[in-house]
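> Sharing a structure, written as structure tokens. Questions coming.
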């Protein structure tokens, strides 16, 4: 037995299932699936430029006869939706499983969409595990189902399943031969005449999957007291086991299509039927449409996670309720001092900080994007106006300019990271040039995909398997799409950075500024000697606090630097008007 | 339902809470118990408030500790101890590192740091254990071993054999840091009497 996260268990299960290809674009909470799959020598694993490409590679692998696993976060499936809805028509050759890691509670996401809807919309099976052992076992079953029913399978996990660890029994890798590759345009060339025929196959397959759902071991009943019957999926199974240990449970490991007979039978044997599912009433609405009386979202929220205490509060029979009131329920902490929030911050030495300080100072409108640099929107930097989705910044800026005119564009930038730019920013930049926008695009090239934990990308010169490759030259790429003004700047040289931004804003034509400096967490070359404040020179103006560095501490009227955190990036020294900040070890003059 | 022990480890991103939970869960597993751990990655890591939940017993269902049900809170920072206090059982134990790390709203003057956090916690939980783990880690030879000092304290507090803790510590930390980490663990372990 080994303690594994859900993500590690999925990678292990894929390996045991004989998977030969694993592709992904990094995204919390899905990233570690592919990182772990890459450790197995039998699996070809890659970071694709975006989720659409990841799924397309997976489809190609499947058609060519090898089992493929494709992983992404929930919003990634939006990007991959185009190939997804059509591979649902073509079906597969070798098994193809798409993992969607949803994020109820939005621990690290811009929305909390419920991706089970994708399964229903694309008419493909949806499988949901509730712990790491099931992650491993179910992923293997998912490959069997994929091949048996000639369908891609949507494997839906949530943050708590992906990032919780539980004990897993390991098995050996199955020896799965590649399936023969046979040219079959009627099945794989989805032009209208072929697609029309395939749609019939999709509907027939769905009927067969409905029958399968009635008998599969993925769905099972645990009979106990029949006063309450609860239908659960994913992590809510574990919560209900703890909160309502006496209730009868119908645990659905396959949530689309639903087993109508099994559910009807379960419903008929319990006095009161509940569905306890996070986010949308996906199961509940279907059951109600069959004319069965069912409760769920009339009691429980469809926003955020359904944590155990939220469920317990609604059921007086819970041992949690019986255990007596908690300190909070008894109001024993009503007099507690207020606790200020602790939002995440840009790390000490983060190369993004200098840029956002300058943008904040210049009071420009900033169309932002997804990455660590989204934190530039928080106080004291406050330097971001929009963040919608991966790659949106450039298009958003174009739209703003088209509405408010060229004058507005003189105070408008789009800000996007290196990995995000490759993911889906390049098309926005092409639009800038093609449709005569004049905005400045700032690419924050920190030589990595930062927020998800430092994955390589096509601009870093390394693959997921650790091979060196020719990196995408971002400056050349910008020039190739027609941007003539392309400048590279070191963000630690903030005087030059400010000058360049002013010049490029003034220019009435598209421009790209590449702000290039390695992420502080992977930079092993720079001098990390911490800085300190010379107390006698510090005038207490607190201008340095405007950069939003967690190492700076206000002490009385002056400022000090926390030497255990500071890595000596010198940004505070650069903004200090009296030269009071120095590197340790540098003599006072 | 059989007895499940629920431990909440709270702190600030970068303080090493994840290593601490890895060692604790490794010890519980070695003793032959069922274990579940929940931690949140991603954006929260960037200097934000972090929490890891470790639960062990004969059979554990939920990886999440319900509000008001934690047996122990191990807090790496005192504001975080205060923040997560509602998760503690009325008769629960709390171990707090008396260290202050200002969150950004405090740094920029938009909020104030609760000055009396420790006194408040002690008033509500008279048996609260408050230590300066940073000083203890520095004495052991490395300021970054705060997490292992606190684990030493937790080890003394729990009914899990000390030699198993040391065994897991050896398996988990890199060999070159092992000596400092053992010193840090012992410093924590020997700083309190058994509960």
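Chains as they are written, first to last, in our numbering: chain A, 2 to 590; chain B, -18 to 176. Glycine included, C-beta positions come from ideal geometry on N, C-alpha and C. Note that the coordinates shown come from a computational prediction; the quantities given were computed from them, not determined experimentally.
Buried or exposed for residue 572 (chain A), please, with buried defined as at least 16 other CB atoms from any protein chain shown within 10 angstroms of its CB.
Residue 572 (chain A) should be labelled buried.
> Which value, in whole angstroms, describes the spacing of the CA atoms of residue 397 (chain A) and residue 455 (chain A)?
Straight-line Cα distance between these residues: approximately 27 angstroms.
> How far does the alpha helix (DSSP H) with residue 500 (chain A) in it reach, from first residue to last?
Segment 495 to 507, the alpha helix (DSSP H) holding residue 500 (chain A).
> Mind pulling the chain B residues with CB within less than 7 angstroms of residue 565 (chain A)?
Here the neighbours are 124.
> Expressed to the nearest angstrom, what Euclidean distance is found between the alpha-carbon atoms of residue 235 (chain A) and residue 293 (chain A)?
Distance between the alpha carbons of residue 235 (chain A) and residue 293 (chain A) is about 22 angstroms.
> For chain B, check one thing: does any of its Cβ atoms lie closer than 8 angstroms to the Cβ of residue 313 (chain A)?
Yes - at least one Cβ of chain B is within 8 angstroms of the one on residue 313 (chain A).
> Residues of chain B with CB closer than 9 angstroms to the CB of residue 555 (chain A), please, in chain order.
Under the 9 angstroms cutoff, chain B gives 83, 87, 88, 89, 90.
> Chain B beta carbons: is any one of them nearer than 8 angstroms to that of residue 188 (chain A)?
It does not: the Cβ of residue 188 (chain A) has no partner Cβ on chain B nearer than 8 angstroms.
> Identify the residues that DSSP records as bridge partners of residue 17 (chain B): which are they?
Partner(s): A:167, B:36.
> Candidates A:157, A:277, A:121, A:228: which alpha carbon is nearest residue 204 (chain A)'s?
The shortest C-alpha separation from residue 204 (chain A) is found at A:121.
> Between the alpha carbons of residue -18 (chain B) and residue 14 (chain B), how many angstroms are there, rounded?
Residue placement at residue -18 (chain B) cannot be trusted, given a pLDDT of 47 that sits under 50; what the coordinates show is reported in the next sentence. So the alpha carbons of these two residues sit roughly 15 angstroms apart.
> Smallest Cα separation from residue 43 (chain B): which of A:167, A:371, A:157?
It is A:167.
> Tell me which residue opens and which closes the alpha helix (DSSP H) that residue 133 (chain A) is part of.
133 to 150 is the span of the alpha helix (DSSP H), which, as asked, contains residue 133 (chain A).
> Does the CB of residue 265 (chain A) have a neighbour CB from chain B at under 8 angstroms?
For residue 265 (chain A), the answer is no, since every Cβ of chain B falls outside 8 angstroms of its Cβ.
> Does DSSP classify residue 9 (chain B) as helix, strand or coil?
Helix.
> Report yes if the CB atom of residue 30 (chain A) is closer than 8 angstroms to the CB atom of residue 280 (chain A), and no otherwise.
Taking 8 angstroms as the Cβ cut-off, residue 30 (chain A) and residue 280 (chain A) do not qualify as a contacting pair.
> So is residue 341 (chain A) in contact with chain B if we call contact Cβ pairs under 8 angstroms?
It does: the Cβ of residue 341 (chain A) has a partner Cβ on chain B nearer than 8 angstroms.
> Buried or exposed for residue 302 (chain A), going by 16 or more other Cβ atoms inside 10 Å?
It counts as exposed.
> Return the chain-ordered list of same chain residues with a C-beta closer than 7 angstroms to the C-beta of residue 563 (chain A), the five sequence neighbours on each side being excluded.
Cβ within range, chain order: 552, 554.
> Quick check on the DSSP output: the alpha helix (DSSP H) that includes residue 63 (chain A) runs from which residue to which?
Element bounds for residue 63 (chain A): 52 to 64.
> Secondary structure at residue 411 (chain A), three-state DSSP: helix, strand or coil?
Three-state DSSP puts residue 411 (chain A) in coil, outside helix and strand.
> Is it buried or exposed for residue 182 (chain A), if we count other Cβ within 10 angstroms and need 16 for buried?
By the 10 Å Cβ count, residue 182 (chain A) comes out exposed.
> Could one say the Cβ of residue 95 (chain B) lies closer than 8 angstroms to chain A's Cβ atoms, at least one of them?
Closer than 8 angstroms: yes.
> Can you tell me whether residue 48 (chain A) is helix, strand or coil according to DSSP?
Three-state DSSP puts residue 48 (chain A) in a strand.
> Taking only the alpha-carbon atoms, compute the straight-line gap between residue 262 (chain A) and residue 252 (chain A) and give it to the nearest angstrom.
Distance between the alpha carbons of residue 262 (chain A) and residue 252 (chain A) is about 14 angstroms.
> Which residues mark the beginning and the end of the beta strand (DSSP E) in which residue 226 (chain A) is found?
Counting along the chain, the beta strand (DSSP E) containing residue 226 (chain A) begins and ends at 226 to 234.
> Check whether the Cβ of residue 30 (chain B) lies closer than 8 angstroms to any Cβ atom in chain A.
Chain A, which has a Cβ nearer than 8 angstroms to the Cβ of residue 30 (chain B), makes this yes.
> In this structure, how does DSSP classify residue 117 (chain B) when only helix, strand and coil are distinguished?
It is helical.
> Going by the DSSP bridge assignment, what does residue 275 (chain A) pair with across the sheet?
Looking at the DSSP assignment, residue 275 (chain A) forms a beta bridge with A:231, A:296.
> Short of 8 angstroms Cβ to Cβ, which residues in the stretch 86 to 112 of chain A face chain B?
Those would be 108, 109, in chain order.
> Given that residue 67 (chain B) touches chain A, what residues does it touch there, using C-beta distances under 8 angstroms?
Those within 8 angstroms of residue 67 (chain B) in chain A are 327, 328, 329, 334.
> Any contact between the stretch 417 to 432 of chain A and the stretch 333 to 352 of chain A? By contact I mean 3 or more CB pairs, one from each, below 8 angstroms.
Verdict: no, contact absent.
> Skipping 5 residues on each side, what residues in its chain have a beta carbon closer than 6 angstroms to that of residue 384 (chain A)?
Contacts found: 357, 360, 361, 367, 377.
> Hey, is the stretch 518 to 527 of chain A in contact with the stretch 314 to 324 of chain A, meaning 3+ C-beta pairs nearer than 8 angstroms?
Contact fails: fewer than three Cβ-Cβ distances are below 8 angstroms.
> With DSSP run on the structure shown, which of helix, strand or coil describes residue 385 (chain A)?
If DSSP states are grouped into helix, strand and coil, residue 385 (chain A) belongs with coil.
> Could you tell me the distance, in whole angstroms, from the CA atom of residue 11 (chain A) to the CA atom of residue 74 (chain A)?
Answer to the nearest angstrom: the Cα atoms are 14 angstroms apart.
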